[in-house]
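Right, one structure below, let's go through it.
Below is the structure:
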């Protein structure tokens with residue numbers, strides 16, 4: 026019974042989310058543009074799918090993934106696991122003690138990004154628009170590798186306690202330098218992919234990991250360090266997406282050169 | 022009907038592939054590293070099936086409704102040729118989708134209680150309420166302006182990087198002078214605004230516009246709206262923190 030009531034709540038909050046969007050779209054379409062909606066039955070069914078799909082997705086995450094992910098984050102950062110049996114508190118540690126935490130951060134960052142619905146949407150569009158040059162999976166893996174590297178580095182930062190802004194500002198500098206040399210067509214997409222990753226699946230799990238770390242390591246503030254990880258997760262995909270374009274451009278050029286060499 | 026069912030099955034197969042990495046990562050850490058069984062196995066299996074079904078439906082609905090809607094609107098606006106109406110639409114879309122966003126409401130309330138305990142505002146329900154509402158309006162205004170500027174950029178064909186890098190420089194400078202309590206909230210508000218429903222719609226709008234205007238490349242000019250929408254809230258929220 027509780028589960029049904031909870032699901033109802035999720036649907037309700039989604040309707041609150043989608044209703045203004047639908048009102049704006051339909052309002053402008055009918056009143057301002059004075060044009061009937063193309064194929065209204067299909068659009069209506071599609072919107073219904075979006076609504077029900079998202080509600081099921083969020084509810085399922087809440088039932089299955091989030092409790093498990095939070096439990097894992099808690100166990101991996103617990104003193105007993107990090108230092109060894111019987112440890113109650115962390116007093117002294119080397120950053121290498123957190124070996125499994127970095128691996129987990131990278132793995133969960135990668136896996137959750139691949140499943141991120143907003144990223145799937147942007148990848149499908151990018152694939153259509155680029156005429157297939159950018160593949161759906163290529164873009165998603167590039168973004169996911171970025172999030173993996175970002176979150177792993179972010180956990181390293183929490184463990185070592187180095188200041189956040191050094192990492193973020195160096196990241197920005199790399200982004201700017203890459204912008205100068207990367208193929209022009211990828212730049213807007215790379216910038217967009219930074220905003221897309223911090224969405225429904227990745228944020229709750231990554232925040233749980235940051236919180237677990239910040240709570241068990243002396244001298245870290247849960248409030249400050251939880252935010253830090255999300256900033257990492259939205260910065261690094263820009264770097265990896267531009268790198269993806271640079272590498273594929275380089276490969277194509279090399280192939281073409283090899284081809285023209287064999288011609289001669 | 023039959024075609025729809027087939028599409029749904031294809032979508033489900035793809036969704037399963039999308040979710041496989043999560044299943045592998047969690048089971049590896051649960052079984053190999055921590056060497057524990059999986060608790061509440063039934064609940065997790067049920068939840069996993071819901072996630073699979075939900076993702077498949079969402080992706081299907083995306084292609085049936087959100088993408089065509091966004092692109093149709095962009096095309097109709099360009100055909101109508103009224104710039105002011107298009108800009109009004111862009112602003113309304115950004116403002117309207119953000120102001121009611123549940124994640125933003127949650128963050129604004131949290132920010133208000135942090136500000137109240139920190140002594141930035143009076144610790145009364147009324148003061149907290151007005152602070153949270155103010156913050157929500159500021160973020161919504163920021164996203165509205167982001168889409169407005171982003172659409173102007175598509176129309177003019179400006180390169181996206183100058184505006185974005187300029188924005189980053191503004192963020193860095195403002196981080197140095199804004200009050201400490203607001204910075205975390207400001208950075209977080211950038212990520213909150215790009216919700217799962219708004220992203221596909223905004224992407225379709227940008228690409229539709231770039232497609233309908235001669236001389237614009239959908240790849241170069243069509244993307245970039247989401248980047249604006251996650252940048253401006255940081256600037257606006259820090260400004261809000263400096264004023265109050």
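Residue numbers (the working numbering), protein chains in the order written: chain G, 26 to 289; chain F, 22 to 265.
In this text, a Cβ means the ideal position worked out from N, Cα and C, and glycines have one as well.
Residue i burial status per 10 Å Cβ neighbour count (16 or more: buried)
i: residue 242/G; result: buried
i: residue 153/F; result: buried
i: residue 31/F; result: exposed
i: residue 212/G; result: buried
i: residue 161/F; result: buried
i: residue 23/F; result: exposed
i: residue 194/F; result: exposed
i: residue 218/F; result: buried
i: residue 41/F; result: exposed
i: residue 57/F; result: exposed
i: residue 90/G; result: buried
i: residue 235/F; result: exposed
i: residue 97/F; result: buried
i: residue 66/F; result: exposed
i: residue 134/F; result: exposed
i: residue 185/F; result: buried
i: residue 56/G; result: exposed
i: residue 177/F; result: exposed
i: residue 86/G; result: buried
Residue i - containing alpha helix (DSSP H), residue span
i: residue 243/G; result: Taken as a continuous stretch (DSSP letters only), residue 243/G belongs to no alpha helix (DSSP H), as it is neither H nor E.
i: residue 290/G; result: Nothing in the structure corresponds to residue 290/G, since chain G is present only between 26 and 289.
i: residue 125/G; result: 124–139
i: residue 80/F; result: 62–82
i: residue 58/F; result: Careful: residue 58/F lies outside any alpha helix (DSSP H) and carries neither H nor E.
i: residue 81/G; result: 65–85
i: residue 93/G; result: 91–102
i: residue 148/G; result: 142–154
i: residue 184/F; result: 181–198
Local conformation of residue i per DSSP, three classes
i: residue 123/F; result: helix
i: residue 32/F; result: helix
i: residue 167/G; result: helix
i: residue 59/G; result: coil
i: residue 100/F; result: helix
i: residue 272/F; result: Because chain F is modelled from 22 through 265, residue 272/F falls outside the range shown and cannot be assessed.
i: residue 31/G; result: helix
i: residue 234/F; result: coil
i: residue 117/F; result: helix
i: residue 226/G; result: coil
i: residue 245/F; result: coil
i: residue 218/F; result: coil
i: residue 161/F; result: helix
i: residue 256/G; result: helix
i: residue 265/F; result: coil
i: residue 128/F; result: helix
i: residue 159/G; result: coil
Short CB-CB distance (under 7 Å) between residue i and chain G
i: residue 155/F; result: no
i: residue 129/F; result: no
i: residue 251/F; result: yes
i: residue 110/F; result: yes
i: residue 208/F; result: yes
i: residue 241/F; result: yes
i: residue 79/F; result: yes
i: residue 144/F; result: no
i: residue 50/F; result: yes
i: residue 247/F; result: yes
i: residue 186/F; result: yes
i: residue 104/F; result: no
7 Å Cβ cutoff, residue i in contact with chain F
i: residue 125/G; result: yes
i: residue 199/G; result: no
i: residue 100/G; result: yes
i: residue 16/G; result: What the structure shows of chain G is the stretch from 26 to 289, and residue 16/G is not part of that stretch, so it cannot be assessed.
i: residue 286/G; result: no
i: residue 281/G; result: no
i: residue 166/G; result: no
i: residue 84/G; result: yes
i: residue 256/G; result: yes
i: residue 225/G; result: yes
i: residue 32/G; result: no
i: residue 173/G; result: no
i: residue 192/G; result: no
i: residue 214/G; result: yes
i: residue 195/G; result: no
i: residue 187/G; result: no
i: residue 163/G; result: no
Pull out every residue of the region 44–69 of chain F whose Cβ sits closer than 9 Å to any Cβ of chain B, in chain order. Protein chains in the displayed structure are G and F, and chain B is not among them.
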